[in-house]
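Structure record follows, encoded as structure tokens.
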Amino acid sequence: MTSRSPRRMLNLTMATLPLLTACGNAAFAQGAAAPAADNASAGTPLGDIVVTARKRKENLLDVPVAISAMGADKLDALNVKTMEQIVAVTPGMSLNNATSGAARSDRSKTAIIIRGMSPSVGNQTSSTFVNGVPISDGIVTSIFDYDHVEVLKGPQSAYFGRQTFGGAVNLVTKEPTDTFTGDLSALAATGNHFDFNGAIGGPLIPGILSFRVGARYFESDGTWKNNAEPGHTLGDQSTRSGTLSIKFTPSPDLTVKLFGAIGKDDDGAGATGVLDASQSNCEIGGNPYFCGTLPALAAGQPSARTEVTPGVAALLKDYSPLFSSNDNIDHFGMLRHTTNLSASVEYDLGFATINSLTGYNKDDWTVLYQLNGRASPYEAPITGFPYQDYTDWPLGIQHKQRDFSQEFRLTSKQDQPLRWMIGGSYLWQRGDERFMQLYYFSGLSMDNSATNESKTWGGFFSLAYDITDKLTINAEGRYQSDKLISRDGGTYEIGYQKTYKNFMPRVSLEYHPSTDTMLYATYSKGVNPGLGKDPLLSVPSDYVDDLLAMGVSHGVKPETLDNYEVGFKGKLFDGRLVFQGDVYYDIWKNKITESTVLIPRENSTPVFVSVFTNLGKVILKGIELQATAEPVDGLIVDLAGAIADSNIRSGDCSFCTTMTGDGDAKGNQLPNSSKYTAQGSVEYSAGFVPLPDFKWYGRAEFNYKSGMYESEGNYVKTQASKVFNFRAGLRSDRMSIEAFVTNAFNNKAYTSLLPDWELDNPSQTFAVYDTMYVGLPELRRVGVKIGYHF
């Protein structure tokens, strides 16, 4: 990454102010009015937001689904552009990269966790969509020009299909309009943090063809000093991306929308900390470990060796990559190339509307990092291996993901007592992965991991009937066939395949006491795809009968979730108070767990065998509340909170078995997510006398997440995260300038945690876990942001 001084970056940002002011004055002189977006999400913070949670445009307060939605105004006010930032301001939601089983804190592979539904393995429980198109890898970094964001909580299988077991995130981009519009934003902050993005659009053929094109340039040094390499930081990130939207309306009945995005992320080594046995505060099974709350980092942490030594350079040179040479990484960190394409066609038949939605996504990334998480203090006891430089463990992973989706649906008119929808969909996805590593006891190692492929066919329907003008019943469902295929990573020959078929219903009853309030009750069933592997094929044949008797099966079946939920939504006091809330009770069955099973043997010692099983069961229950109020003109109060409680009823804890010999985690909580989360902000604005077109404003923001456990054993958890942000500035209908400070009090609570071994220690026995790898948050930044809208 190219380094820039904070002074230079601030000057670059401030230099844009005269240009924006000149543009703004010119626009005012012309008397042009900024048009509203087609999706009607713009407006006051208390304005209505149109969502597409049920495959059609509806007001947020009219949908009997728990939804946290943010319109373009709020996203801009909070400077939200990434999934990490969405998670930070959404109660009941977490983002964790420890579930990938790797000791790193980067943007390569993370799990979206909604309502505490943390997976035991790499299987997703929630998925991401862009304009309704599924993104099979789950994370989007290239798209920024949002109209609004919808976080749907609870099973969304009836409409969205596979891997929406715990919920779904739908990122809706701004559409082209028939008048020229645009947005420009420039931000500079301490730590060489610079973010410039803009979008412009308008008619090419008035009334028929319009466009919107956008670009983003983002670069930032990390906020953590690398103690192993003075003058360097950990957590550096950069993104270059562009988007293009085309809207074609050749007739009043036909609308075609095309969307494309490309992006490149080029990051430095992630900010990861290491707590080793010297910081342990208890013993588990007679072994040093951690209990209660994790301590702070020791002096000298974080530290990471990020120099590309001759050994690492040779490793990169000799590795057989998945990608072309132009896409190969040459430094520690991550390199990602993404492409997102979609096409939407809508035709009005008169009695109904027919829609087609086509999507294609490509995600290629390489990450090179130190598996041991730090610069090793140990000497290598063995010498002479090729490429060897030190006892650190450089590990490279290359991941290639492709998916294609097609959906057709026919939807009746919505202005009648009986409304219906019927549709079908197809999703193909495949992920390939390879890795390379260099360690002092083994030298250079390379391998092709298995290729995972799936083909999913689905048919779905919905019926809604107004029993009275206040009472409506909804019946929805999807029948789905999932074919899971596992291929050999080198030959691509099929090693295992299995097809699972499921029906996923959702029934809800909604009651409207008034035109502005709603009560609802829902039952829904979610199904999460199983794994494309047979666990019994990976164990010696002598143990198969014993494992079958213990409940281990051929194949890993889909997980199921029964969701029971009641909720309310509405607005009062002429719209000055907008609120919603829900209470849910979920039964998670056939939960996939990695189980370490003890097999007794006659006249011999017992044997531990680790396999994936469907032996888990979890009860989840919680409450979610959010409200926005304007008690007096100019004062906006926004509050939201969630309690996501989980209780493990059955299922083996493999980590616990390794530590104590007892894998029973009954009564414990699921790891890697917060039980209590809250978000709040208070803003006050008033007229600014020197500039009559402007208002001054000040805002304070607070985000809270309670500590997360490291495993189903619940031995230790992170500190609670408490983040305060402050903003103040001037704004008009078209322009804004703001000074801000984020994480003002330097919260250092870990963002993820992963138990492991002290991998760089030559005397490590690898028998029990005695080390904790932790993700580190972004620390305080102070900066300025300038925006212009026309």
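Numbering-wise (the working numbering), the sequence shown opens with residue 1 and increments by one. Using N, Cα and C, we set each Cβ at its ideal position, and we do this for glycine too.
Measuring only between beta-carbons, confirm whether residue i sits less than 8 Å from chain D.
| i | result |
| --- | --- |
| Trp365 | Reference to chain D is not applicable here, since this structure consists of a single protein chain. |
Checking the sheet assignment: what are the DSSP bridge partners for residue i?
| i | result |
| --- | --- |
| Asp330 | Note: Asp330 sits in no beta bridge, so no partner. |
| Tyr369 | Leu395 |
| Leu60 | None, per the DSSP bridge assignment. |
| Pro505 | Gly477 |
| His554 | For His554, which the question treats as bridged, DSSP gives no partner whatsoever. |
| Val133 | Val130 |
| Thr613 | Thr593 |
| Leu519 | Tyr511, Phe568 |
Provide the residue span of the beta strand (DSSP E) that contains residue i, from first to last.
| i | result |
| --- | --- |
| Glu379 | From DSSP, Glu379 is part of no beta strand (DSSP E); its letter is neither H nor E. |
| Thr181 | 181-189 |
| Cys282 | 282-284 |
| Ala700 | 695-705 |
| Ala261 | 254-267 |
| Ala304 | That residue, Ala304, is in no beta strand (DSSP E); it is neither H nor E in DSSP. |
| Phe461 | 451-466 |
| Arg781 | 781-789 |
| Val774 | 771-775 |
| Gly167 | 167-173 |
| Met93 | 93-96 |
| Val149 | 146-153 |
| Ile112 | 111-114 |
For residue i, I'd like the list of residues in its chain whose CB is within less than 7 Å of its CB, leaving aside the five on either flank, ordered along the chain.
| i | result |
| --- | --- |
| Phe688 | Phe694, Lys695, Trp696, Leu730 |
| Ala228 | Ser303, Ala304, Arg305, Ala375 |
| Pro671 | Ser118, Met708, Tyr709, Glu710, Ser711, Glu712 |
Taking residue i as part of the alpha helix (DSSP H), name the residues at either end of that continuous run.
| i | result |
| --- | --- |
| Val87 | 83-88 |
| Asp545 | 544-549 |
| Asp73 | 72-77 |
| Ala277 | That residue, Ala277, is in no alpha helix (DSSP H); it is neither H nor E in DSSP. |
| Tyr159 | 157-160 |
Among the options, which one has its Cα closest to the Cα of residue i?
| i | options | result |
| --- | --- | --- |
| Asn474 | Leu418, Asn703, Met518, Leu776 | Leu418 |
| Tyr439 | Lys533, Ala298, Ser706, Gln370 | Gln370 |
| Arg430 | Phe790, Ile135, Leu776 | Ile135 |
| Leu171 | Asp145, Pro288, Ile200 | Asp145 |
| Asn743 | Arg781, Ala700, Lys317 | Arg781 |
| Ser685 | Arg240, Ser541, Ala728, Ser514 | Ala728 |
| Thr803 | Thr272, Tyr773, Asp266 | Summary: the structure shown does not reach residue 803, with the chain confined to residues 1 through 790, and so no result is reported for it. |
| Gln437 | Met504, Val552, Lys317, Pro535 | Lys317 |
| Trp457 | Ser481, Thr451, Tyr769, Ala464 | Ser481 |
| Lys362 | His337, Leu368, Asp348, Glu379 | His337 |
| Thr293 | Thr765, Ser706, Asp266 | Ser706 |
| Met659 | Met518, Met70, Tyr715, Asp392 | Tyr715 |
| Arg809 | Gly663, Ser344, Ser251 | In this structure the chain extends from 1 to 790, so residue 809 is not present and cannot be described. |
| Phe180 | Ala199, Ala188, Glu624 | Ala199 |
| Phe259 | Gly270, Glu84, Thr243 | Thr243 |
| Val149 | Tyr500, Val51, Ala629, Glu683 | Val51 |
| Ile643 | Ile114, Val80, Pro310 | Ile114 |
So, for residue i: in the same chain, excluding its five sequence neighbours on each side, which residues have a beta-carbon less than 6 Å away from its beta-carbon?
| i | result |
| --- | --- |
| Gln163 | Gln124, Ser127 |
| Thr751 | Gly775, Pro777 |
| Pro176 | Gly201, Ser210, Phe211, Arg212, Ser245, Lys247 |
| Gly459 | Gly424, Tyr479 |
| Tyr426 | Gln406, Trp457 |
| Pro288 | Ala277, Ser280, Asp770 |
| Val811 | Only positions 1 to 790 of the chain appear in this structure, which leaves residue 811 out of reach. |
| Thr90 | Ser68, Val151 |
| Arg216 | Phe144, Asn197, Ser241 |
| Leu639 | Ala627, Gly680 |
| Glu646 | Strictly speaking, residue 646 in this sequence is Ser, with Glu absent from that position. These residues qualify, in order along the chain: Gly116, Val618, Leu620, Gln669, Leu670. |
| His232 | Asn226 |
| Leu19 | Low confidence applies to Leu19: its pLDDT is 36, below 50, so where it sits in the model is not reliable, and the reading given next is rough at best. Hits under 6 Å: none found. |
Excluding five sequence neighbours on each side, which residues of the same chain lie with their C-beta closer than 8 Å to the C-beta of residue i?
| i | result |
| --- | --- |
| Pro631 | Arg576, Val637 |
| Asp178 | Gly202, Pro203, Pro206, Gly207, Ser210 |
| Cys23 | Caution applies to Cys23, whose pLDDT of 39 falls short of 50 and renders its modelled position unreliable; the value that the coordinates give is listed next. Answer for Cys23: Tyr788, Phe790, listed in chain order. |
| Ser238 | Met1, Phe218, Glu219, Ser220, Asp265, Asp266, Asp267 |
Under 7 Å from any heavy atom of the ligand MG, does the C-beta of residue i make it?
| i | result |
| --- | --- |
| Ile397 | With respect to the ligand MG, the structure offers nothing, as it holds no ligand at all. |
Q: Tell me the start and end of each unbroken beta strand (DSSP E) in the stretch 177-252 that is at least 3 residues and wholly inside, in chain order.
A: Listed in chain order, the complete beta strand (DSSP E) runs (minimum 3 residues) inside the stretch 177-252 are 181-189, 193-205, 209-220, 237-251.
Q. What are the uninterrupted segments assigned as alpha helix (DSSP H) that are 4 or more residues long and contained completely in the stretch 698-768, given in chain order?
A. Counting only runs of 4 or more, we get nothing.
Q: Run through the stretch 646-696 for me and flag every whole alpha helix (DSSP H) of 4 or more residues, listed as ranges in chain order.
A: Taken in chain order, the complete alpha helix (DSSP H) segments of 4 or more residues contained in the stretch 646-696 are 654-660.
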